[in-house]
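Per full-length UniProt numbering, the sequence shown runs over residues 1 to 142. Glycine included, every Cβ here is placed at the ideal spot set by N, Cα and C. This one's a predicted model, so the numbers in the text were calculated from it and none came from an experiment. Written out below as structure tokens is the structure these notes cover.
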Amino acid sequence: MKAILWLVIVAIIITVFYLTNNYESSLRIGDKHGLTIGDAKLEAYKKLPSFLSEYKSRGDRIFIVVKVTESASGYLATDPDFMILVEPLFNFSGEAEFMQEDTWTFYINGSYLDVIKLRFEDDKLIEIFRRKRFFELPVVAD
1 MKAILWLVIV AIIITVFYLT NNYESSLRIG DKHGLTIGDA KLEAYKKLPS
51 FLSEYKSRGD RIFIVVKVTE SASGYLATDP DFMILVEPLF NFSGEAEFMQ
101 EDTWTFYING SYLDVIKLRF EDDKLIEIFR RKRFFELPVV AD
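Here it is, written out as structure tokens:
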């Protein structure tokens, strides 16, 4: 009986911890760290180093997911078409790739649990989304 009570207490503690530490925010009006809702994609791209410096100044590293090309696979020691996390520099040579996407996703310290998404519609920034979790609860399949 004591074991069941302790199990229930631990389950409650984990649930409370998860609910109080699961952070999500969505900004659809205004600005954050230099990015303004309504900015054009190119303007937002040019502001990325400044926007992300707010996170880097705390010692965080920013990553994006890229698809390995045939020519780069040897240098990266992985198969072509494999998706990997890389730390971008946001120079002008990468601009064209970002302009093709309507959602830019950044992974803080390479974690899928700590994400920033910039969403665009008609080439204008419409949302700055942030999600931070300390752990992921298992998903029960149907």
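At a Cβ-Cβ threshold of 9 Å, L125 and R133 do not count as neighbours. Its chain contains no residue whose beta carbon lies nearer than 6 Å to that of N91 once the 5 sequence neighbours on both sides are disregarded. By the criterion of a C-beta distance shorter than 8 Å, Y23 is surrounded in its chain by R130, R131, K132, R133, once the five residues flanking it on both sides are discounted. Between the region 84–104 and the region 26–40 there are fewer than three C-beta pairs closer than 8 Å, too few to call the two in contact. Assignment of T36 by DSSP, reduced to helix, strand and coil, places it in the strand class.
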